[in-house]
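Before any comments, here is the structure.
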Amino acid sequence: MTPLLIVVIVILLAYKFYKFTYHKPPNSPPSIPRVPISGSYLMLLLGSYSFPYKTIGYYAKKLKTNIIGCYFGDFWAVAASDYASIKEILTRDDFDGRISEVEVVKARAFGKKLGILFTEGEFWREQRRFFLRNIRDFGFGRRQETIERDILSEISLLIDIMKNRPVYDEEKEIIKDNLVLFPDILYPTICSSFWNVLFGCKFDRSEHDIPRHICRMSMLFQRSLDATGGAIFHLPILRFFGNMFGFKNMIKANYAVADIIQEYLKLQNATLDENVDRGFIDRYLNVLNKDEKSQSFSEKQLIITATDMVIATCSTNPTVIANVLKYLIKYPRVLKKVQDEIDQVVGTGRLVTWNDRKNLPYTEAMIREVMRISSSLPLSVIHRAVKDTTLGGYAIPANTAVITNLAAMHRDPNLWGDPENFRPERFINEKGELTKDMSLPFGFGHRVCPGETYSRYNVFGVLAALLQTFNFFQVEGEPSKPEDELPGLLITPKEFWVRYELR
Ligand SMILES: *[C@@H]1O[C@H](CO)[C@@H](O)[C@H](O)[C@H]1NC(C)=O
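Residues 1486 to 1988, numbered by the numbering used here, are exactly what the sequence shown covers, in order.
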C-alpha cells in the first residue's frame, strides 16, 4: 500500500506545483511561469540578475506577444511593450491606479499613503490639482520669466566653475586639471534650480555641498531598487534583512532628502508673508495655516510630495545629461553636428535660451534619441487597474499591476525600423522639423510626469551651454561608455571622469 500512496502523493504534488507555476486568471495573456513565494521574480532574476526588467521583454519576444503576464510576488501583473497598448494604458481611467498598499511604498512616507506619485482616488486628484495649478506659476508646464532667468544664471555659474577652476574643497574633488566628474558636476545646478521653484531660493556656491548631498541621496534611492520595484517590493519580508536587498539604503536616502526639506520648510514658515509669493511651498503653507482646509492637506503630505519631486528631478536630470555626454563622446559626428547647429543659431557670445530651442531641432532630436536608446526608466512607474477591464482583448482583473514596458517599446522594430542605431535624425522630418516624440519618456495622460516641460528645458539648457563652451574627450579606463550603467528603479550612469577643454 505505502509505495502506491507515495506515488499518488508525489503525482498530486507535481500536479499542484504545475498548476501553481502556470496559473493565471482566466482569459489572460501568455505569461512567465512562477514559483511559490517569489512569484515570477525568480525567473526575472535568472534571466538577468542585475537588470531583471530585461527578462520581461525577453519572454514577450519568445512568446510572440505584445502583452505578457507574470506574478510580482502574489501580485498578478501584465506588461505591454507596443506603442498602441502603452498609450491605451496611459490614457484610460481604468488604469489610473497605483500599487500603494505595499509596505515598501508606505515606508518612504512615514508609513502612510502620501504624496502624489503613489496615491490614488479623490486624495490624489485633489492634491495633484493643487500641485499642478500652483507650481505652474513657477515655470512648471508654463513659461515664467523669472524662473527662466534664474535657471540661466545657475547654468552660467556651472560654466564659470568649469572655466575658471574650482575654489572650494568639494569642488576640487570633482574638477582636477582638465578633468571633470560626471554626473556630480551637475548636481548644484540641477538641485538649485528646482529648489528655486519650490522655495524661491537657491544654494549659494559656498553651500553647494548641500545640493550635492541631496542629489547623491536621490541617486542612492534609485539604485537601492530595481525597475520592477526590487526584491523588497516583490517579497516585503526581505525589508527586514537590512541592506541586503536595498531597504536600508532606500530609507536612508529618502529621509535624508525629507529631513532637509523639513528643515527648510520650518525656515520658510517662519518667514511666510501672504503678500510675498516665493515658490510652490509658500502656496501650500498658506493653505495649511488656514483654519478651513480639505483633509488631504497636511505638513507630512507636503514633505512627501516635495521629497518625491526632489528625488525625481535630482536623479533623472543629471542622468539624462550624463548619458547624452557618453553618446556624444562615442559619436563625435553627432557632437560636431550639434555644435555646428548651436554655433550657427546662437553663436558664442551668449547663452542658449528657451527661445532658441525651437531653432535648434537637431540638438533637441539628439536629446530625445539618447532618452529613447538608453531607456533610463525602463518600466516607467507601475500602474494598477482600478476595476475589471480588458486590454488588447485580454481580461485584466481589478488590482492587476499594469506595466508600460518602455524599454521594450524603445527597441520595437515595428515602431523605429532600426532601433539599435543611434540616429537623432529619426526625430526630424524632411522639412527639418521635429516630429512627434513617440518614446514617451515622461509617460502620458493623467499620470504624465508633471515635470516634463521643466525638465526638457532644463536638460536642454544645461547641455546646450556645455556643448557651446567645451569639447569633451574620453579618459582611458573610465566607465564612460553607454553600457556603463548601474541598476535601479532608474538606470543611472556610473560616475565617470572626462577631459574637457574650451572650444
Ligand atoms: C507655521 O507657523 C504657524 C504660526 O507660527 C504655526 O501655527 C504652524 O504650525 C506652522 N506650520 C508648520 C508646517 O510648521
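Cβ atoms here follow ideal geometry from the backbone N, Cα and C, with glycine treated the same way.
Treat the numbers as computed from the prediction; the structure is a model and nothing was measured.
Based on the DSSP output, what are the partners of Gly-1582 in its beta bridges? Looking at the DSSP output, Gly-1582 bridges to Arg-1869.
Check whether the region 1961 to 1980 and the region 1689 to 1700 touch, using three or more Cβ-Cβ pairs below 8 Å as the test. Judged by Cβ distances under 8 Å, the region 1961 to 1980 makes no contact with the region 1689 to 1700, as fewer than three pairs qualify.
Below 5 Å from a heavy atom of ligand 1 - residues by beta-carbon: Near ligand 1, meaning a Cβ closer than 5 Å to any of its heavy atoms, lie the following residues in chain order: Asn-1754 and Glu-1784.
Which one of Ser-1861, Leu-1705, Leu-1720 and Ile-1552 has the shortest CA to CA distance from Ala-1741? Closest by alpha carbon: Leu-1705.
Exposure label - Ile-1722; buried when at least 16 CB within 10 Å: Ile-1722 should be labelled exposed.
Run through DSSP, which three-state label would Ile-1571 get? In this structure, Ile-1571 counts as helix in the three-state DSSP scheme.
Nearest CA to the CA of Arg-1853: which residue from Phe-1945, Glu-1607, Gly-1936 and Asp-1873? Nearest option by C-alpha distance: Phe-1945.
Using three-state DSSP, classify Ser-1516 as helix, strand or coil. Strand at Ser-1516.
The region 1754 to 1768 touching the region 1615 to 1628, judged by at least three CB pairs closer than 8 Å: A contact between stretches requires three or more CB pairs, one per stretch, nearer than 8 Å, and the region 1754 to 1768 meets this requirement with the region 1615 to 1628.
Have a look at Pro-1904 and Tyr-1812 and give me their C-alpha separation to the nearest angstrom. Cα-Cα distance, rounded: 15 Å.
Would the beta-carbon of Ile-1553 fall within 8 Å of that of Pro-1510? No. Outside cutoff.
Scan the region 1846 to 1917 and note each continuous beta strand (DSSP E) run of 3 residues or more that stays entirely inside, going in chain order. Assignment of beta strand (DSSP E) within the region 1846 to 1917, counting only whole runs of 3 or more residues, yields 1874 to 1876, 1879 to 1881 and 1886 to 1889 in chain order.
From Asn-1802 to Met-1647, what distance separates their C-alpha atoms? Whole-angstrom Cα-Cα distance: 19 Å.
Boundaries (first-last residue) of the beta strand (DSSP E) holding Cys-1799: According to the DSSP assignment, Cys-1799 belongs to no beta strand (DSSP E) but to the alpha helix (DSSP H) extending over 1784 to 1815.
With DSSP collapsed to three states, give me the class of Pro-1696. For Pro-1696, the secondary structure class from DSSP, reduced to helix, strand or coil, is helix.
Asn-1739 - DSSP class collapsed to helix/strand/coil: Here Asn-1739 sits in helix by DSSP.
Helix, strand or coil for Arg-1984, going by three-state DSSP, please let me know. In the structure shown, Arg-1984 adopts extended strand secondary structure according to DSSP, grouped into three states.
Under a three-way DSSP split, which group does Gly-1624 fall into? The three-state reading of DSSP puts Gly-1624 in coil, since its state is none of H, G, I, E or B.
In whole angstroms, what separates the C-alpha of Ala-1565 from that of Asn-1551? In a straight line, the C-alpha of Ala-1565 is about 6 Å away from that of Asn-1551.
Meets three-Cβ-pair contact criterion under 8 Å: the region 1890 to 1899 and the region 1862 to 1878: At 8 Å Cβ cutoff, the stretches touch.
Can you round the beta-carbon distance between Met-1851 and Pro-1909 to whole angstroms, since I take them to be within the 8 Å contact cut? Contact between Met-1851 and Pro-1909 holds, since their C-beta atoms are separated by about 4 Å, short of 8 Å.
Name the DSSP bridge partner or partners of Lys-1661? Leu-1664, per the DSSP bridge assignment.
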